[in-house]
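Scroll down for the structure; my scribbles are underneath it.
In the numbering used here, the protein residues as written are 936 to 1092.
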């Protein structure tokens, strides 16, 4: 049960957006830019970053919702999203994405955990500065979204 009075039946962040539309608008715009606007990272890669960070934060709603979206971009391959959450180093994803997930995981722990070595490793594996930037921002944003969803005790199907 949510900690505040939310519309019943709306799960996770959807209920929070309904509760406070004026804060929903910028949060939705940020998510749209990070996950849906043109980027050299594929939609599946961006959704996998969001899924991975949400799993590290143990946010059931966000990790399952974004895993389903990632799977849709991966022709229905939900197993890959499970592999990424369980052990991305062994998952059937590019080495570049693995390096970006290292960065994302460090951001989840704390921004200062990201090292020059982490960034250099991602660059060596083909990540551009924009891809590194967007990975850090996706990870940071999803830490916020996860805490927003869980901090108010929202419902998740």
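Here a beta-carbon is modelled for each residue, glycine too, at the ideal position from N, C-alpha and C. Computed from a predicted model, the values in this text were never measured in an experiment.
Could you say if the region 973-989 and the region 1058-1076 meet the contact criterion of at least three C-beta pairs nearer than 8 Å?
-> yes
Inter-stretch contact at 8 Å, needing at least 3 Cβ pairs: the region 1020-1028 / the region 1079-1092 | no
Is residue 1034 near residue 1009, with beta carbons less than 8 Å apart?
-> For residue 1034 and residue 1009, no; Cβs fall outside 8 Å.
With distances taken between CB atoms, is the gap from residue 1089 to residue 961 smaller than 8 Å?
-> no
Minimum length 3: unbroken beta strand (DSSP E) runs contained in the region 1025-1089 = none
Evaluate the contact criterion for the region 970-986 versus the region 1005-1020: three or more CB pairs, one atom per stretch, below 8 Å.
-> yes
Closest by CA to residue 1071, which one among 971, 1021, 1046 and 1018?
-> 1046
Measure the CB-CB distance between residue 983 and residue 1032 and report whether it falls below 8 Å.
-> yes
In three-state terms, what does DSSP make of residue 938?
-> coil
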